[in-house]
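Numbers -26 to -1, 1 to 135, taken from mature numbering (1 follows the signal peptide of the UniProt record, and there is no 0), label the letters of the sequence shown in order.
Cβ atoms here follow ideal geometry from the backbone N, Cα and C, with glycine treated the same way.
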Amino acid sequence: MLNKLRRFGLLALTLVAVGAAIPAAAAGAQAPLVPVLTNVRTGQHAGFDRVVLDLNGPRPEFFIRCVDQLIADPSGNPVNLPGSYFLEVRSAPAAAHDDAGNPTYTGPRQFDTPGLANVQAFAITGDFEANLTVGLGLRRDSWHRVLLLDAPTRLVIDVGH
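Structure follows, in structure tokens:
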């Protein structure tokens, strides 16, 4: 009988320990499922301009395309951005706000980039349904590439001069 009580006590202690450890592990492992924008940086390099989107969370997918006109998502209204050529870069899943709707990026949503040779302006053109879309106004058509970097997560857009 004493042996059964010891086993029962050991089992109860084990269940209590496991029950306490599971919520603690889950709380510590909380990372955003949707990466959120925290900062936008620009810089000129030899032969190209760079726009960097700093993100908190996992790597998103990205889609880039040249467009005749930048369109605001979800309104569908045209976005007036200086430039003769336009690049649209959509990241999914990604957002510029948290789950409560508070902005995670508090900088300007649209700005000119006078220090860059080809990228004339930047705009956040969409932040809707886990799709974050940005647009670049370019002075001239040129090569472009997008890179995803880790630690921390960054989406890098390079545009040739």
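For a cutoff of 8 angstroms on Cβ pairs, would you count residue 90 as touching chain D?
Any reference to chain D falls outside this structure, which holds one protein chain only.
With 16 other CB atoms within 10 Å as the buried threshold, where does residue 62 fall?
Reading the sequence shown from its first residue, position 88 is the one you call residue 62. Buried: at least 16 other Cβ atoms inside 10 Å.
Span of the beta strand (DSSP E), counted from its first residue to its last, around residue 13:
Residue numbering aside, residue 13 sits at position 39 when the sequence shown is read from its first letter. Element bounds for residue 13: 10 to 19.
Which same chain residues, not among the five before or five after residue 52, have their C-beta less than 8 angstroms away from its C-beta?
As a working mapping, residue 52 is identified with position 78 in the sequence shown. Excluding residues within five positions, the ones whose Cβ falls inside 8 angstroms are 43, 44, 45 and 46.
Residue 107 burial status per 10 Å Cβ neighbour count (16 or more: buried):
For the purposes of this step, residue 107 is taken as residue 133 along the sequence shown, with counting starting at 1. So residue 107 ends up on the buried side.
Rank 70, 85 and 124 by C-alpha distance to the C-alpha of residue 78 and give the top, closest one.
Indexing the sequence shown from 1 puts residue 78 at position 104. Selected option, being the one with the closest Cα: 70.
Local Cβ density within 10 Å of residue 74, reported as buried at 16 or more and exposed below that
As a working mapping, residue 74 is identified with position 100 in the sequence shown. Exposed.
DSSP state of residue 52 mapped onto helix, strand, coil:
For the purposes of this step, residue 52 is identified with residue 78 of the sequence shown, where counting begins at 1. Strand.
Please classify residue 101: does DSSP put it in a helix, a strand, or coil?
What you label residue 101 is simply residue 127 of the sequence shown in a count that begins at 1. Three-state DSSP puts residue 101 in a strand.
Buried or exposed: where does residue 115 fall if 16 or more other Cβ atoms within 10 Å of its Cβ makes it buried?
Your numbering for residue 115 matches position 141 in the sequence shown. Residue 115 comes out exposed.
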